[in-house]
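K.L.:
So that we are looking at the same thing, I have put the structure below in structure tokens.
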Amino acid sequence: EIPHAKVDKEFDIPNRPPVMCPGCPHRAVFHVLSRMKVRVSGDIGCYTLGALPPYNAVDACVCMGASVSMAHGMAKAGDGIPTVAVIGDSTFIHSGITSLIDIAYNKGNSTVIILDNSITGMTGHQHNPTTGYTIRGEEAPRVNLVKLAEAIGVKRVFVIDPFNMKEFRKLVEEEIDKDETSVIIAQRPCALLKTVNYGKPVYIDQEACRKCGNCMRLGCPTIYKEDDEYRIDEALCAGCKLCTDMCAFGAIKKEEQR
Ligand code: SF4
Ligand code: SF4
Numbered sequence: 007e008i009p010h011a012k013v014d015k016e017f018d019i020p021n022r023p024p025v026m027c028p029g030c031p032h033r034a035v036f037h038v039l040s041r042m043k044v045r046v047s048g049d050i051g052c053y054t055l056g057a058l059p060p061y062n063a064v065d066a067c068v069c070m071g072a073s074v075s076m077a078h079g080m081a082k083a084g085d086g087i088p089t090v091a092v093i094g095d096s097t098f099i100h101s102g103i104t105s106l107i108d109i110a111y112n113k114g115n116s117t118v119i120i121l122d123n124s125i126t127g128m129t130g131h132q133h134n135p136t137t138g139y140t141i142r143g144e145e146a147p148r149v150n151l152v153k154l155a156e157a158i159g160v161k162r163v164f165v166i167d168p169f170n171m172k173e174f175r176k177l178v179e180e181e182i183d184k185d186e187t188s189v190i191i192a193q194r195p196c197a198l199l200k201t202v203n204y205g206k207p208v209y210i211d212q213e214a215c216r217k218c219g220n221c222m223r224l225g226c227p228t229i230y231k232e233d234d235e236y237r238i239d240e241a242l243c244a245g246c247k248l249c250t251d252m253c254a255f256g257a258i259k260k261e262e263q264r
């Protein structure tokens with residue numbers, strides 16, 4: 007529950023806490039991190055919303071770029087708690103690079119997760135140096151995050167689609183165990199980009215649904231419970247199908263299965 011989102015019952019105004027969009031690639035990252043015993047050093051962008059329920063997965067957030075340097079500081083302080091830094095592609099370019107150099111140069115063992123959604127998200131939806139276009143949409147040199155991390159001296163650099171939640175979790179678990187710097191580039195485009203089209207919305211087959219509520223834990227604003235039934239608002243659903251992985255009973259179905 008979000009304390010500041012409470013409203014006076016006298017006014018029948020529904021709570022509308024800020025949430026990641028339907029189809030957001032960051033949802034998978036924070037769902038996974040929220041289920042791991044890992045400390046998350048967060049940063050500024052859409053993904054700061056990972057601090058809110060149902061994830062509650064961001065433990066610290068100070069200013070742009072600080073996620074990486076804070077993770078390094080926490081690792082050097084040596085309290086033994088596995089820590090990852092989570093930073094968006096645009097914020098990493100803005101002020102995360104210097105901290106990654108700091109980690110590599112000082113032989114740190116932090117794991118840095120760069121959320122590469124191919125755009126600057128809620129802070130303007132403009133291009134940035136990782137997209138290959140200027141803010142006016144003209145072609146521009148594109149920063150290759152893999153090559154950049156390698157040039158900095160990071161040997162363990164991975165690119166993964168966070169929607170493969172099992173693989174993503176496995177990779178994070180492996181990397182926080184390593185005694186050297188790792189960079190994991192979680193790559194999937196922002197659902198609001200014109201180039202992203204997941205297709206038709208999914209729906210919950212009420213006969214197959216066992217009412218376990220597991221799909222709600224994903225925090226997609228499209229999934230809701232009403233009259234003791236779990237439902238998907240098909241007008242809002244982006245059709246990303248991430249939620250189908252949450253249902254062990256196959257009750258979340260594609261339009262073709264209707
Ligand atoms: S996870 Fe599946 S069975 Fe459980 S409430 Fe959601 S749709 Fe129903
Ligand atoms: S497919 Fe599932 S997770 Fe994706 S937007 Fe629709 S309800 Fe949300």
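Here the working numbering runs 6 ahead of the position in the sequence shown, where the first position is 1. In this text, a Cβ means the ideal position worked out from N, Cα and C, and glycines have one as well. Here the structure is a predicted model, which is why all the values come from computation and not from measurement.
#1: Can you tell me whether Arg41 is buried or exposed, with buried defined as 16 or more other CB within 10 angstroms of its CB?
#2: From what residue to what residue does the beta strand (DSSP E) around Leu55 run?
#3: In the structure shown, what three-state DSSP assignment does Gly94 receive?
#4: How far does the alpha helix (DSSP H) with Arg45 in it reach, from first residue to last?
#5: What span of residues does the beta strand (DSSP E) with Leu198 cover, start to end?
#6: Note down, in chain order, each residue of its chain lying with its Cβ closer than 7 Å to the Cβ of Gly256, except the 5 sequence neighbours on either side.
#7: Using only Cβ atoms and a threshold of 6 Å, which residues come within that distance of a heavy atom of ligand 1? Order them by chain position.
#8: Could you pull the start and end residues of the alpha helix (DSSP H) that Ile158 belongs to?
#9: Among Gly29, Val74 and Val38, which residue has its Cα nearest to the Cα of Val47?
#10: Are Ile120 and Ile158 closer than 9 Å when you measure CB to CB?
#11: I need the straight-line Cα distance from Arg162 to Leu58, nearest angstrom please.
#12: In terms of residues, what are the limits of the beta strand (DSSP E) holding Phe164?
#13: How many whole angstroms separate the CB atoms of Arg148 and Pro168, which I take to be in contact at a CB cut-off of 8 Å?
#14: Buried or exposed for Gly86, please, with buried defined as at least 16 other CB atoms from any protein chain shown within 10 angstroms of its CB.
#15: Give a yes or no on whether 9 Å exceeds the smallest Cβ distance from Glu180 to chain C.
#16: From the DSSP secondary-structure annotation, give me the bridge partner or partners of Asp122.
#17: Please say whether Ile166 and Ile182 have beta carbons closer to each other than 9 Å?
#18: Three-state secondary structure (DSSP) at Tyr209?
#19: Regarding Lys247 and ligand 2, is the C-beta to nearest heavy atom distance less than 8 Å?
#20: Within 10 Å of its beta-carbon, does Asp18 have 16 or more other beta-carbons around it, so buried, or fewer, so exposed?
#21: Kindly indicate which three-state DSSP category Ser116 falls into: helix, strand or coil?
#22: Please check the pair Phe174 and Ala34, which I expect to be a contact at CB under 8 Å, by giving their CB distance rounded to whole angstroms.
#23: Any heavy atom of ligand 2 closer than 8 Å to the CB of Pro207?
#24: Does any heavy atom of ligand 2 sit closer than 8 Å to the C-beta of Cys69?
#25: In its own chain, which residues sit with a C-beta less than 8 Å from the C-beta of Glu7, not counting the 5 before and 5 after it?
#26: With a threshold of 16 other CB atoms inside 10 Å of the CB of Asn62, please say whether the residue is buried or exposed.
P.N.:
Let me lay it out:
#1: exposed
#2: Segment: none, Leu55 is in no beta strand (DSSP E) and carries neither H nor E.
#3: strand
#4: Arg45 -> not in any alpha helix (DSSP H); beta strand (DSSP E) instead, spanning Arg45 to Ser47.
#5: Looking at the DSSP string, Leu198 is not in any beta strand (DSSP E), and its letter there is neither H nor E.
#6: Ala214
#7: Ile210, Cys215, Arg216, Lys217, Cys218, Gly219, Asn220, Cys221, Tyr236, Met252, Cys253, Phe255, Ala257 and Ile258
#8: Leu151 to Ile158
#9: A small correction: the amino acid at residue 47 is Ser; Val does not occupy that position in the sequence shown. The shortest C-alpha separation from Ser47 is found at Val74.
#10: no
#11: 30 Å
#12: Arg162 to Ile166
#13: Actually they are not in contact, since the Cβ atoms of Arg148 and Pro168 sit about 21 Å apart, beyond 8 Å.
#14: exposed
#15: Any reference to chain C falls outside this structure, which holds one protein chain only.
#16: Gln193
#17: no
#18: strand
#19: yes
#20: exposed
#21: coil
#22: The Cβ separation is near 7 Å, so the contact holds.
#23: Yes, the Cβ of Pro207 comes within 8 Å of a heavy atom of ligand 2.
#24: no
#25: Interpretation of Glu7 is limited by its pLDDT of 49, a score under 50 that renders its predicted location unreliable; no figure is taken from the coordinates.
#26: exposed
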